[in-house]
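Note sheet for the following structure.
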Amino acid sequence: MEMIKLSGVQFAYNGFPVIKGITHSFAKGSFTALLGPNGSGKSTLLRLINGILMPQSGEVAVMDRHSGSYSAREMARHMAYVPQRQYNTFPATVFDTVLLGRNPYISWSPAKDDRRITAEILVKLGLDDIALKDINKLSGGQRQQVFIARALAQQPSVMLLDEPTANLDLRHQHEILCLLKELSESGITVLVAIHDLNLALKYCNEFMILDNGHVRAEGGTEIFDEKLIEEIYRVRIKIIRDGGEMFILPVEPV
Ligand code: ADP
Ligand code: MG
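Using my numbering, the letters of the sequence shown map in sequence onto residues 193 to 446.
Structural data, given as structure tokens:
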């Protein structure tokens, strides 16, 4: 089943084209890495999919419905978006931050169910020990997990994450991607903008490479070849295969 369908999507910021006609479908339960150099349009595409931005031409359909026809509240019950940077302004506990993810379901004040769902997610992600800590006092890795927990509290069918592993240490990078892979295996459609090609290769099963607002390549691991990566990233690389796994070794900028 196609959860998201992009048809000829174009977008420009103040007349400056950034997304130049993208057609692509994301199937239920797929785990897609959105790749491409800085400025290629990854974050903009995620915002278009989430309905934060509307395309100037073409269409974004979410579960066979035009994205513009969803209210923000309704969209949040289907799709969760974890932006790249999260700024904190006031102190809040981990529990309350995750409980906020229930907002699209809450009409007056949180019900027992909302607190139960929040507590279950904290346990699932191993965050229950720090439930009462101020999120401003957490490490980067823990904070990212809290924001993913908040996204999960929305009980979404689709999760969009913009560089969720940026600034994380090796263990937390792998923990986050392992978790996202599990979520995709449970049927959630996951789309992640990411710079680390090897992390993407290890965990994702679909790849979409953006280059200057166009889709340059899409598909499974077969799309990766030395010439393509060199052209897009302007770095000479070597592809190394070990059993069923594939690794990209950067050699030098070209
Ligand atoms: P990526 O996430 O792949 O780095 P972005 O989607 O952030 O790419 O940016 C794509 C292009 O759009 C870049 O040229 C960037 O400078 C431009 N851009 C991004 N956000 C804005 C904005 N809010 N206003 C104007 N231009 C923007
Ligand atoms: Mg970006």
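We put the CB at the ideal spot given by N, CA and C, even for glycine.
With hydrogens ignored, establish whether the beta-carbon of Val274 is closer than 6 Å to any heavy atom of ligand 1.
Indexing the sequence shown from 1 puts residue 274 at position 82. For ligand 1, not one heavy atom lies less than 6 Å from the Cβ of Val274.
With Asp361 as the anchor, note down where its beta strand (DSSP E) starts and where it stops.
In the sequence shown, the residue the question calls residue 361 occupies position 169. Note, Asp361: premise wrong, no beta strand (DSSP E); not H, not E.
DSSP on Met193, reduced to helix/strand/coil?
For the purposes of this step, residue 193 is identified with residue 1 of the sequence shown, where counting begins at 1. Coil at Met193, not helix or strand.
Ser249: which of Leu314, Val290, Asp361 and Ala204 sits nearest, CA to CA?
On the sequence shown, position 57 is the one that residue 249 refers to. Among Leu314, Val290, Asp361 and Ala204, the Cα nearest to that of Ser249 belongs to Ala204.
Any contact between the stretch 242-262 and the stretch 198-212? By contact I mean 3 or more CB pairs, one from each, below 8 Å.
Yes, they touch.
Confirm, please, whether the CB-CB distance from Val407 to Arg428 is below 7 Å.
Start at 1 with the first residue of the sequence shown, and residue 428 comes out as number 236. Start at 1 with the first residue of the sequence shown, and residue 407 comes out as number 215. It is not a contact, given that the beta carbons lie outside the stated cut-off.
Over the uninterrupted beta strand (DSSP E) stretch that includes Tyr262, give me the two end residues.
Taking the sequence shown and counting its residues from 1, one reaches residue 262 at position 70. Neither: Tyr262 is in no beta strand (DSSP E) and is coded neither H nor E.
Residues bridged to Gln202 [DSSP beta-bridge criterion]:
Locating residue 202 in the sequence shown gives position 10, counting from the first residue. Partner(s): Lys212 and Ser249.
Inter-residue spacing [alpha-carbon to alpha-carbon] between Ile368 and Ile322:
Here residue 368 corresponds to residue number 176 of the sequence shown, with the count starting at 1. Here residue 322 corresponds to residue number 130 of the sequence shown, with the count starting at 1. When rounded, the distance between both Cα atoms is 17 Å.
Identify which residue in Arg239, Gly411 and Asp305 has its Cα closest to the Cα of Ser217.
As a working note, residue 217 is residue 25 in the sequence shown. Checking every option, the nearest Cα to that of Ser217 belongs to Gly411.
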